[in-house]
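Let me begin by presenting the structure, written as structure tokens, before commenting on it.
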Amino acid sequence: MNLLLALILLPLLGAIVVALLRGNERAAKPVALGFSLAELVLAAVAWASYRPGGARLQLSGSIEWIPTYGISLSFGLDGIALVMVAVIALLMPLVLGFSWRERLPSERSRGGFFALLLVEQALTVAVFAATDVFVFYVLFEIMLIPMYFLIGGYGGSRRQYAAVKFFLYSFLGGLIMLASAIGAYSYAARTTGQGTFDWATLRGVLADAPTSVQVWIFLGFFAAFAIKAPLVPLHTWLPDAAEQAPIGVAVIVVGVLDKVGTFGFLRYSLPLAPEASQLLAPLVLTLGVVGVLYGSLQAFAQTDLKRFIAYVSIAHFGFIALGIFAFTSQAQVGAASYMVNHSIATGMLVLVIGMIIARGGSSRIADYGGMARVTPLLAGMLLVAGLSTLSLPGTNSFISEFLVLIGSFATRPVFAILATVGMVLAAVYVLRLYQRIMQGPLSGTALLDSAGGPGAATDPEFAASGGTGSGASRLALRDLDGREIGVLAPLVVLIVLLGLYPAPVLDVITPSVEATMSEVGVTDPVTSQGGN
Amino acid sequence: MDQRNGLGDGVTTSVLAAPEPVQAAQGAIQSNAWLIIAIPLLGAAVLLLAGRRANGWGHLLGCATVIASFGYALALFSSVGGSEQAARSLHLFSWIPVNSLQVDFGLRIDPLSLVFVLLITGVGSLIHIYSIGYMAHDQQGRTGRGNTERRRFFGYLNLFVAAMLILVLGNSFVTLYLGWEGVGLASYLLIGFWQQRPSAAGAATKAFVMNRVGDVGLALAIFLLFARLGTTQYAEVFARADELSSGTVLAIALLLLLGACGKSGQVPLQAWLPDAMEGPTPVSALIHAATMVTAGVYLIARANPLYSMTEVGQLVVAIVGAVTLLVGCVIGCAYDDIKKVLAYSTVSQIGYMMLAVGLGPAGYALGIMHLLTHGFFKAGLFLGAGSVMHGMRDEVDMRKFGGLYRYMPITFATFGLGYLALIGFPFLSGYYSKEAIIGAAFAEPGWRGWVLGGAAVLGAGLTAFYMTRLMLMTFFGERRWRNRTTSEGEEFHPHESPAVMTGPMIVLAVGSVAAGFLLTSGERLVHFLSPALGELQEGHTVLPHSVIPVLTLGLSAVGVLVAWLVVGRRRVPDTAPQRVSPVVRAARADLYGNALNRAVAVRPTVGLADGLARFDRAGVDGTVNGVASTLGALSGVLRRWQTGFVRSYAMSMLVGGVLLVAALLSVGTP
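Top to bottom, those sequences are chains A and B.
Our numbering puts the first residue of the first sequence at 1, with every later residue one more than the last.
Our numbering puts the first residue of the second sequence at 1001, with every later residue one more than the last.
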């Protein structure tokens, strides 16, 4: 059987099994975890069998679906899609591990929750693997349905509002993209006499299309992707979705789902509308840099932990957009690896914040303070996730951010310089958050009500010692347990490992980026013999 | 001594942008030089990951790793040998390879990096040993869970040493950047070590953020180098520096200087360094006096082929140094907190180093020499201050000290020698290194010689004043602590520190006395450094050569005398006098550096962020929702949200979409 097909179908099979078992939580949970681990193994096998520098699309396969319109269920992976598939496979067991005991709204079964997560995984793998534009569109929209139920069914108090908002934004963006896809189909039909949705064929046909045609095609795809990987000002669905979604779902939304947008830029916008991409690059670059600065300032001003994460991601998507549209291989490899590294870093940040919320029961930042003395391990984990978020050299995110900036500086120095300000702002919003939650004397209603009791706040000796001695024994606040350490440890390892030795990821991504660059028809301005 | 190229054919190369001969590392000692970094890094990993199990022996492991690194550094030093050796490069692995950008993870072993490695691991070892005693019964760190805090402390300290070694040993600007931000992280963790104290947490964040502002400069310089030369490796950049336009070189010089200002606490990014004294005192000695804060000087010395190409760039560096050395002195005169005085003294002394490296080939080696002697005496002074605090219940207010020489004689003696070295007492180490910088500053042509030299010599006088004031208030005069208590109401019982603390202080005091003579006799250090920094060029001073030392010593003597008149002869009031001149008031307010930061950076940013947050909800989200709700098709949706038919709506939407697709498809087919 085709490996890629197995990657798509295995989680789906898992979902069905888990859904059947959903009345029996004790069985459903390990089965779901087992399927997600099997998927991780499959993804590792796919990675091992992928040949960087080989065919443009590998592990591909195709089944005819609607031959009248040249639509077939065809799938294949390039390096960028491969790493994204690997990231989902990595995150899913961790998400399940986190959600093992997470409190769900009443009358909701955990089995159902896990089954929906597995469905979402299958659809996301498929959306990255699709090589037929129509199939991509269909998956892009279908993907919203399990997510809609995950947010709307299992989320916070305003989950219905957030779910509908999420759904409408993405769905409308998708419809606009559909118009573009149909436009591309018609153009192919008119010029070659044979309409098709096959990505590779369309790419060849559209390369020679007049700029005006390309611009319309570009804008249609752009609408969908700019909403998905939210670029300011189309971002407001994300803070609501992140705030209302259960933590595990928030990991999938900011870690994986949003990347479909930036992936779309690389796979569809650029190769299908090469001239328009270059023509309209200043627009996207502007939105990207605005996103970096706007998202960073917003993150700094947030009072809610989950909305904080959303704005951090918006800032990071700005960097990714900058990297993609600067048109150098360094910046684009940076952007593509940013997609991976953001999933790891922000995924970990969301999980750690979920663990904080699980202890205090509140997502308001002001309800926490001085936790480090009582939960040093949790504090350390927040710091590691935060340092990766602010792209400290030595962490994985640094590699991507550095590549994006150094690459874009060569062609777009003004944009790169403005985005570099985001480096300072990232330090501000990450360390301020850490300071407010972890440092200083133990404080905050979420902690004192659940732990030391109201007296703790007013007891001067307790406050001065920061929760030491007898104070510590009064606290019921637990540090991380074995399950939580198990969820976070793989991410910590990856953050350090990919920060010091990123070659495994860069080597897979680089040939695909080079291919994309040549499809757009641009070359690097800087050679090792010096540039301009 | 001539610089020779790799073929050894005796061709003399010019100092300006000399293409440096770089050879591959030879022999087992050189090709395993990465162990110098790996050992403390492994120590940090073990100490931070092993948890409480390591509480009992963590501090011993922490010391052992740094001492082992020092031993290796000595072996490496002797294997590299004399000053005529070329730089050795050691390729480890390809770090960031993307087409034309090939960032190598490798080491560069040359005189400049070796000098730093010895300083970092040598002084680092002493301070690690001292910390065993200092952190043993640390008031804030007591947890009742074994000495978890001390283990964590040694873990961070090991991490710092490893990062600092990467900074100086790396063979490209990007590996330097890795170490650069790595030491920033270690500094952040250690300033905020007592993180339950809000002031410590705030100081840590402030330090990191202000450093990041500087780091932007360093990052942009790297981007610019890559855009113009396609490389970030030192060897290639320096070999091909002449391909750069003069404007580019100036831009790079100024951007690197911005980075140096952040890391080294130079004006205008100086405000974080005094706040960094919130960290435990060994941290102040190692990171915020002897090593990390001098990284800016290292950076400029390392990039000397670029700075030598731009006179304007050099001048800006020198001016920043001169301004900073005066600012540091002036503020240092106004504080009563012993650590803050020493902190501003550090700011000021690094100003001297900056001034020196800003003089170009005339000063690179002098800056490094002052950096080394300062490493000894300032580390010693901080350890001495730590010893005083150790015996005085962590009190830092000098107005509560007095007459302590009787109670802590070793601390007094070692501190006193460091003090004499710092104010440039003849034949102690500071005398040689500072005197040389002042002489070189006066040798600048025209008005520059007068201005830079004048600032340097004035600084010497002010240094003598504030250090004498500190000395007198702490060790001499009335024992003011006898009728005072700590802010927690405890009485003082001053006592000498244990041998594990006084031992390193004694070693550093010996260094403070002898280092200057040893390094300058026969121009030993200058010759050793010449392959990396070029030959020292001496110019003609605007003042006669013999006048300068006399002037310096005279002004220093005046400084000592005035200090004696102010705090030695008269009784020291319990609280700082309030009726003071505007100059003193300004100095007490850090010459309004913090106020300026708040006004131009902090408040506008916070205001903008809060404003944007309101705008995002009301403006952006409101507009989008508004547009949506006014669209006829969507108004129905909004009504349905409230009635709870969302799910059916979502499905019908999807069905509608599919139908729409079908419709469009049929239209689209030819």
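All C-beta atoms in this analysis are idealised placements derived from N, C-alpha and C, irrespective of residue type, glycine included.
Model, not experiment: these values are computed from the prediction.
Interface flag, residue i vs chain A, CB-CB below 8 angstroms
i         : result
B/Gly980  : Nothing in the structure corresponds to residue 980 of chain B, since chain B is present only between 1001 and 1670.
B/Asn1055 : no
B/Ile1096 : yes
B/Leu1569 : Per the sequence presented here, residue 1569 of chain B reads as Arg, with Leu not at that position. No, B/Arg1569 does not count as interfacial toward chain A.
B/Gly1182 : yes
B/Ala1201 : yes
B/Ile1127 : no
B/Asn1483 : no
B/Asp1610 : yes
B/Ser1245 : no
B/Thr1673 : No answer is possible for residue 1673 of chain B: it lies beyond the span of chain B, which begins at 1001 and ends at 1670.
B/Ala1613 : yes
CB contact check: residue i to chain B, cutoff 8 angstroms
i        : result
A/Arg478 : no
A/Phe462 : Unreliable positioning characterises A/Phe462 in this predicted model, as indicated by a pLDDT of 41, which lies under 50. A coordinate reading is not provided.
A/Val520 : no
A/Ala245 : no
A/Asp481 : no
A/Leu297 : yes
A/Met423 : yes
A/Gly61  : no
A/Gln214 : no
A/Arg364 : no
A/Pro504 : no
Residues that residue i bridges to, as DSSP identifies them
i         : result
A/Leu77   : A/Gln58
B/Pro1209 : Note that residue 1209 of chain B is Val in the sequence shown, not Pro. Paired residue(s): none; B/Val1209 is not in a bridge.
B/Gln1233 : B/Ser1172
B/Thr1485 : B/Glu1491
B/Gln1102 : B/Pro1097
B/Leu1090 : B/Leu1107
A/Arg364  : A/Asp304
A/Ser72   : A/Glu64
Boundaries of the beta strand (DSSP E) in which residue i is found, first to last residue
i         : result
B/His1370 : Per DSSP, B/His1370 belongs to no beta strand (DSSP E); it is in the alpha helix (DSSP H), Tyr1364 to Gly1391.
B/Gln1023 : Val1022 to Ala1024
Spatial neighbours of residue i in its chain, beta-carbon cut-off 7 angstroms, leaving aside the 5 residues before and after
i         : result
A/Val256  : Val87, Ile88, Leu91, Thr124 and Ser343
B/Gly1367 : Val1297, Ala1301, Met1353, Ala1356 and Val1357
Neighbourhood of residue i by C-beta distance below 6 angstroms, restricted to the same chain and skipping five residues each side
i         : result
B/Ser1345 : Gly1332
B/Leu1042 : none
A/Ser36   : Met92, Pro93 and Leu96
B/Gly1375 : Leu1119, Val1123 and Ala1290
Endpoints, the alpha helix (DSSP H) within which residue i is located
i         : result
A/Leu305  : Leu305 to Phe325
B/Ala1587 : Pro1582 to Arg1588
A/Asn341  : Ser329 to Gly360
A/Ala48   : Glu25 to Ser49
A/Glu243  : Trp237 to Gln244
A/Glu484  : Gly482 to Leu500
A/Glu275  : Pro274 to Leu279
B/Cys1063 : Gly1058 to Val1080
Close-in-space but distant-in-sequence residues of the same chain around residue i (CB under 8 angstroms, 5 per side omitted)
i         : result
A/Leu431  : Gly386 and Leu390
B/Ala1200 : Ile1191, Gly1192, Phe1193, Trp1194, Glu1278 and Gly1279
B/Tyr1432 : Met1369, Thr1373, Gly1516, Phe1517, Leu1519 and Thr1520
B/Leu1250 : Thr1310, Val1312 and Gly1313
A/Leu546  : Any question about residue 546 of chain A goes unanswered here, given that chain A covers just 1 to 532.
Below-8 angstroms beta-carbon distance, residue i vs any chain D residue
i        : result
A/Thr527 : No chain D appears in this structure, whose protein chains are A and B.
Practice item. Report the residue ranges of all alpha helix (DSSP H) runs contained in full by the region 388-458 of chain A; include only those spanning at least 4 residues, in chain order. Key: Within the region 388-458 of chain A, the runs of alpha helix (DSSP H) at least 4 residues long that lie entirely inside it are, in chain order, 396-411, 413-438, 445-450 and 455-458.
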